[in-house]
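**Q** Could you have a look at this structure, given as structure tokens, before my questions?
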Amino acid sequence: MFSSLPTGPWRNLIAGLIYMVAITALATSAYMLAGWSLSDAFYFVVITIFTVGYQELHPIVSPEMRALTMATIVLGCTGVIFLTGALVQAFTYTQIQQLLGNKRMKTQIEKMTGHVIICGFGRIGHALAEELRAGGIEFVIVDLDEARLARASAEGFHTWAGDATTETTLNEVGVNRARALATVVPNDAVNVFITLTARSLNKDIEIIARGVSPSTKGKLLHAGASSVVEPTHIGAERIAQLILYPRTSRITEGTQRIRAMAAGLHGLGLDLEVAAVPPDSPMAGLTIEQAERDASGTMFIIAINRKEGETLTRPEPSTIIEPGDGVVMITRSGRTTMKAS
């Protein structure tokens, strides 16, 4: 009868509810057949099942009515006991599952090294998580909102509930072993506190901070941020590049001369771009000369950042592009025929 119901304690809970509804409906119908009104019958069945002990609404003198009342008491009390047990079982099961889930997640996080910590799972945090997963980078999401964490967990992300402004939470997610931390909370004050805390715990970690207000950039840099981004002008993909290829990313924005060059190129219909080279990229394994030739003259590679951290500026045409590299290139706006990813 209940083969289509969920398994485990939820099956027992739903079965108990169905049983109680059935007993109440049948007993109420039986009393109505004896001439009672619907309200009297339903009221009497409820106080009988839950053994409240009020006086009878109508005289129960016939053997049939007494048998009906006794059956209602026995079957109803049995249902109440079963339903109460199912409720306790379901509650206990949920608590145990949550406890085991937290313990399992803690164990997984403790094994992480060289990972990325994402503080905040809003629009930017979600997009950043997708980019890092596509790049094959381990990361953990820290947030206080249970609903957002539930969505993140449902998508298979590692999550941790806690206040990222505290040393305790950041230590729990391995800030001392992490390669980078991205604080993308839509609150400048919170991002400043997270940056200060993270920098005090790890002097070498790469910190990318979100600046909602342009005036906050100086505060975040002073607090210890390695880079400050404004999501209104920069996307999660760009933040991911700052994490994956920090040295290459700074080639495109690190000096006034390069920024001026990028602006000048844009005026000529050209763009200065940085892109990751995943294993399935058409560029992977090619020399720079071959990649530029296959792109039919729509792009020109000016630098490569190796996944080990080495940056090659003005690389030779014979230099091989390897999976995991970051490539800095000049492209014709909207006309590149060969992409790194």
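Residue numbers (my numbering): 1 to 341.
Idealized CB from N, CA, C, for every residue including glycine.
All of these numbers come straight from a predicted model, not from anything done at the bench.
Roughly how many whole angstroms lie between the Cα atoms of Gly324 and Glu308?
**A** Those two C-alpha atoms are separated by around 9 Å.
**Q** According to DSSP, what are the bridge partners of Trp361?
**A** In the structure as shown, the chain starts at 1 and stops at 341, and residue 361 therefore has no counterpart that could be examined.
**Q** Which residues mark the beginning and the end of the beta strand (DSSP E) in which Val228 is found?
**A** Looking at the DSSP string, the run of the beta strand (DSSP E) that includes Val228 is 227 to 229.
**Q** Leaving out five residues before and five after Asn12 in sequence, what residues of the same chain have Cβ atoms less than 7 Å from its Cβ?
**A** These residues qualify, in order along the chain: Ala86, Gln89.
**Q** Which ranges does the beta strand (DSSP E) cover as unbroken runs of at least 3 residues, wholly within the stretch 141 to 209, from first to last along the chain?
**A** For the stretch 141 to 209, whole beta strand (DSSP E) runs of length 3 or above, ordered along the chain, are 158 to 161, 180 to 183.
**Q** Rounded C-beta distance between Val52 and Ala27? I'm assuming under 8 Å.
**A** That belief does not hold up - the Cβ atoms of Val52 and Ala27 are roughly 15 Å apart, past 8 Å.
**Q** First and last residue of the beta strand (DSSP E) that includes Ile320?
**A** Neither: Ile320 is in no beta strand (DSSP E) and is coded neither H nor E.
**Q** With a threshold of 16 other CB atoms inside 10 Å of the CB of Arg123, please say whether the residue is buried or exposed.
**A** Exposed, because fewer than 16 other Cβ atoms sit within 10 Å of the Cβ of Arg123.
**Q** At what residues does the beta strand (DSSP E) containing Ala291 begin and finish?
**A** No beta strand (DSSP E) holds Ala291; the alpha helix (DSSP H) holding it covers 288 to 294.
**Q** At which residue ranges does the stretch 22 to 95 contain complete alpha helix (DSSP H) runs of 4 or more residues, listed in the order of the chain?
**A** 38 to 49, all fully within the stretch 22 to 95.
**Q** Using 10 angstroms around the beta-carbon of Asn171, count the other beta-carbons present and answer buried if the total reaches 16, otherwise exposed.
**A** Exposed.
**Q** Beta carbon of Gly218, beta carbon of Thr195: below 8 Å?
**A** Cβ atoms of Gly218 and Thr195: not closer than 8 Å.
**Q** Is there contact here, the stretch 119 to 137 with the stretch 32 to 44, by at least three beta-carbon pairs under 8 Å?
**A** The answer is no - the stretch 32 to 44 does not touch the stretch 119 to 137, with fewer than three Cβ pairs under 8 Å.
**Q** Which residues in the same chain as Trp10 place their Cβ atom closer than 7 Å to its Cβ, once the five residues preceding and following it in sequence are excluded?
**A** These residues qualify, in order along the chain: Ala90.
**Q** Check whether chain D comes within 8 Å of Leu312, counting only Cβ atoms and requiring the distance to be less than that.
**A** In the structure shown, chain D does not exist; there is a single protein chain.
**Q** I need the DSSP call for Met299, collapsed to helix, strand or coil.
**A** The answer is strand: DSSP assigns Met299 an E or B state.
**Q** On a CA-only basis, which of Ala198, Glu167, Leu144 is nearest Ala182? Give me that one, please.
**A** Closest by alpha carbon: Ala198.
**Q** Is the number of C-beta pairs between the stretch 285 to 293 and the stretch 311 to 321 that are closer than 8 Å three or more?
**A** Verdict: yes, contact present.
**Q** What residues in its chain sit with their C-beta under 6 Å from that of Phe82, if we drop five residues either side in the sequence?
**A** Counting only Cβ-Cβ distances below 6 Å, and skipping sequence neighbours, we find Gly16.
**Q** Alpha carbon to alpha carbon, how far is Gly174 from Thr166?
**A** C-alpha separation (whole angstroms): 13 Å.
**Q** In terms of residue numbering, what span does the beta strand (DSSP E) encompassing Ala276 cover?
**A** Unbroken beta strand (DSSP E) run through Ala276: 270 to 276.
**Q** Where DSSP assigns a beta bridge to Gly125, which residues make up the other side?
**A** Answer is none; Gly125 lacks a bridge partner.
**Q** How far does the alpha helix (DSSP H) with Gly218 in it reach, from first residue to last?
**A** First-last of the alpha helix (DSSP H) with Gly218: 217 to 223.
**Q** Just mark Arg257 as buried or exposed, buried being the case when its beta carbon has 16 or more other beta carbons within 10 Å.
**A** With a pLDDT of 49 at Arg257, under the threshold of 50, the modelled position of that residue is not reliable, and no figure is offered here.
**Q** Just the Cα atoms here: how many angstroms apart are Gly326 and Leu272?
**A** The alpha-carbon atoms of Gly326 and Leu272 are separated by roughly 13 Å.
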